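**Student:**
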Amino acid sequence: MRVRIVVKDGKVGFFTETGGFVEGVEQLIALQQQLGLAGLNVQMDGPVEQHRHDDQPAQTYTEQGQLHTHDGGETHHTH
Amino acid sequence: MPCNAVATVNGGVTDEALRRLLEQNAEQVQAAVTSYLEQRLLGSTTAAYNTNGGFALRVSLGYQWFDLRVQGGAVTITTAPANRATADQLTSELTDLMTMLGQQLFEQAVADFITTNYSVEQSQRVDDQLVITFNI
């Protein structure tokens, strides 16, 4: 799975660029944990989201592992 | 750069991680602080002693003096009462410098971690951002 990480001023953006959303969520959470084990602890601003533009619906996973779909809006992430 | 992201999340380095990075790189921090003070004050600094993960400096500026202790991202300045305003200003400036240094150390540490543990396709700086693409 291809992953992109963007770092600036102590802020970090994590992106998966291949594979499915569910797998991407798992990989990004695992990556955060690996960074933490190396002493590079990162506090996430929120749950991993499905990247989208304009009015595409967003999907997120709850802590219970349930997939939620949200209507409208636009997520703003550093590309 | 085309956007082909699937899953995404934003975050930020924790204060604890920044403090740890600064302590682990105390020599580098000391060099940066010393250089900054000498340019800022046009004075001279003398390394007084090193502590565990930190250091202390005495800055002399004519008749003024400032004793600085830097531990992690925290800066403590002791001086004569007449120099208090300058000391407060220096504390603010050095705290900002600590934050900037910590963020630079974090960026380098993340780059090292990714390079060591994953197969990197591309690592570049775009719009003052470090962008690394790699395979998990």
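Which chain is which? The protein sequence lines are A and B, in order. Take the first sequence: its letter number 42 is residue 146 in the working numbering, and every next letter is one higher. Take the second sequence: its letter number 45 is residue 41 in the working numbering, and every next letter is one higher. All residues carry an ideal CB built from backbone N, CA and C; glycine is no exception. Nothing here was measured: the structure is a model prediction, and the numbers come from that model.
#1: Where does B/Y32 sit, in a helix, a strand or coil, going by DSSP?
#2: Tell me whether A/E178 sits in a helix, a strand or coil according to DSSP, three-state version.
#3: Taking only beta-carbon atoms, is A/G176 less than 8 Å away from chain B?
#4: Buried or exposed: which applies to B/E117, given that a residue is buried once 16 or more other Cβ atoms fall within 10 Å of its Cβ?
#5: Identify every residue that forms a DSSP beta bridge with B/Y45.
#6: If you measure from the CB of A/K112, is any heavy atom of the ligand HEM nearer than 7 Å?
#7: Interface residues of chain A around B/D124 at Cβ under 7 Å?
#8: Relative to the C-alpha of B/A70, which residue among B/A52, B/T82, B/A76 is closest?
#9: Give every residue of the same chain whose Cβ lies closer than 7 Å to the Cβ of B/V66, excluding the five residues on either side of it in the sequence, and list them in chain order.
**Tutor:** Inspection of the coordinates gives the following:
#1: Indexing the second sequence from 1 puts residue 32 of chain B at position 36. Assigned with DSSP and collapsed to three states, B/Y32 falls in helix.
#2: As a first step, residue 178 of chain A must be located in the first sequence, where it is residue number 74. Bear in mind that the predicted position of A/E178 carries a pLDDT of just 40, short of 50, making it too unreliable to give a figure here.
#3: As a working note, residue 176 of chain A is residue 72 in the first sequence. Unreliable placement is indicated for A/G176, whose pLDDT of 44 sits below 50; the coordinate value is still reported in the next sentence. Among the residues facing chain B, A/G176 is not included, as its CB has no counterpart in that chain under 8 Å away.
#4: Residue numbering aside, residue 117 of chain B sits at position 121 when the second sequence is read from its first letter. Of the other Cβ atoms in all chains shown, fewer than 16 fall within 10 Å of the Cβ of B/E117; this residue is therefore exposed.
#5: In the second sequence, counting from the first residue as 1, residue 45 of chain B sits at position 49. Answer is B/A52.
#6: You won't find the ligand HEM in this model; it holds no ligand whatsoever.
#7: Counting from 1 along the second sequence, the entry for residue 124 of chain B is found at position 128. Under the 7 Å cutoff, chain A gives K112.
#8: To locate residue 70 of chain B, count along the second sequence from 1; it is residue 74. Closest in C-alpha terms to B/A70, from the list B/A52, B/T82, B/A76, comes B/A52.
#9: Translated into positions along the second sequence, residue 66 of chain B becomes position 70. Within its own chain, the residues whose Cβ lies closer than 7 Å to the Cβ of B/V66, once the five positions on either side in sequence are excluded, are V25, V29, G50, F51, listed in chain order.
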